[in-house]
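See structure below.
Residue numbers (the working numbering): 46 to 381.
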């Protein structure tokens, strides 16, 4: 798809209006494992449909559209192949976005985004309008177990590429006890412990989440709890990957104060987020920030100054921002 300023005004608006078509089609081909089926080479849509249990004509029309924007290629009429972009929609590759593609079109996300007119009017999240509660509460209800599974699978798969980018960008070798707050099933913690051979790790999340963590190894202990009430004691490194952006300043301040009260004097807090730029150019943070507007109660992407202000209120200070090979940066805080 063309970038801003590359199209006449009418086409630019139309491209924006029809963006949902791309989202839904990418999600559909991911869910039906079309990219996985193409991993060994190009296939005609007839064979591809047979292998995936999909409708031939519908598949051909969707693949033709996605090929037109570079997600796939069509080396011969009706024959489709992967591109570097659609390789990431495979479920079996490092840094896979397969889970994310399924999640963004699932009920947990599609319904809140469908209420954007009300979000703009009220400032309340789309989840609150759609579900009459926050997304995290809704997705954990017994009747929404499939949505909860989709969410966790998406977070785990999305975490893989980001985790390695962070682990390669920072030096973790000097830490002795790394506590991963809101660490999900532990992929991020396991990845950074590979770079910290002398450290032990604590995986901290809600009890029902850490119970689902497998193959943690001997150096990781799991602990369930509520990080708004208390966090594990005594770490010299506290990591939070895509946690702070889920919450407004009041909740984030509570969490940071909880960490500050139990961390070692020379410990560091490492917050992995997409930092919002102060300048007007296109940036992933601006898209993720609006996603937080739709999905969370007060969550947002923050600028460097906003992090500094938040830290100061928690008795901390900004100690640097470390870029990584991914869109995510690591915001470092220490005791003031």
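Virtual Cβ for every residue (Gly too), placed ideally from N, Cα, C.
Check whether residue i and residue j have beta carbons under 8 Å apart
i: residue 147; j: residue 78; result: no
i: residue 116; j: residue 131; result: yes
i: residue 265; j: residue 231; result: yes
i: residue 184; j: residue 203; result: no
i: residue 293; j: residue 262; result: no
i: residue 341; j: residue 291; result: yes
i: residue 84; j: residue 135; result: yes
i: residue 337; j: residue 346; result: yes
i: residue 151; j: residue 194; result: no
i: residue 296; j: residue 273; result: yes
i: residue 140; j: residue 61; result: no
i: residue 66; j: residue 90; result: no
i: residue 158; j: residue 339; result: yes
i: residue 330; j: residue 303; result: no
i: residue 282; j: residue 352; result: no
i: residue 244; j: residue 298; result: no
Whole-Å CB distance - residue i paired with residue j, under 8 Å assumed
i: residue 226; j: residue 317; result: About 11 Å; that fails the 8 Å criterion.
i: residue 267; j: residue 255; result: 4 Å
i: residue 280; j: residue 320; result: In fact, because the Cβ distance is near 23 Å, the residues do not count as touching under 8 Å.
i: residue 72; j: residue 164; result: Going by Cβ atoms, the distance from residue 72 to residue 164 rounds to 21 Å, so no, they are not a contact pair.
i: residue 174; j: residue 160; result: 4 Å
i: residue 144; j: residue 198; result: 4 Å
i: residue 218; j: residue 240; result: 6 Å
i: residue 97; j: residue 82; result: 5 Å
Residue environment, residue i, which counts as buried when at least 16 other CB atoms sit within 10 Å
i: residue 259; result: exposed
i: residue 350; result: exposed
i: residue 286; result: buried
i: residue 100; result: exposed
i: residue 171; result: buried
i: residue 235; result: buried
i: residue 354; result: exposed
i: residue 167; result: exposed
i: residue 310; result: exposed
i: residue 59; result: exposed
i: residue 86; result: exposed
i: residue 365; result: exposed
Same chain only: Cβ atoms within 8 Å of residue i, ignoring 5 sequence neighbours per side
i: residue 214; result: 367, 368, 369, 370 and 375
i: residue 361; result: 301, 305, 314, 378, 379, 380 and 381
i: residue 138; result: 132
i: residue 112; result: 118, 119 and 125
i: residue 356; result: 301, 362, 363, 378 and 381
Under the three-state DSSP convention, the category residue i falls into
i: residue 316; result: strand
i: residue 129; result: helix
i: residue 70; result: helix
i: residue 269; result: strand
i: residue 182; result: helix
i: residue 242; result: coil
i: residue 118; result: strand
i: residue 281; result: coil
i: residue 341; result: coil
i: residue 137; result: coil
i: residue 104; result: helix
i: residue 365; result: strand
i: residue 212; result: helix
i: residue 83; result: coil
i: residue 378; result: strand
i: residue 298; result: helix
i: residue 288; result: coil
i: residue 334; result: helix
i: residue 220; result: coil
i: residue 261; result: coil
Neighbourhood of residue i by C-beta distance below 7 Å, restricted to the same chain and skipping five residues each side
i: residue 94; result: 100, 101 and 104
i: residue 128; result: 115, 116, 117 and 118
i: residue 288; result: 226 and 227
Own chain partners of residue i with C-beta closer than 6 Å, once the 5 adjacent residues on each side are dropped
i: residue 284; result: 225 and 315
i: residue 237; result: 212 and 217
i: residue 106; result: none
Cβ-heavy atom distance, residue i to the ligand NAP, below 7 Å
i: residue 155; result: Although the ligand NAP was asked about, the structure shown includes no ligands whatsoever.
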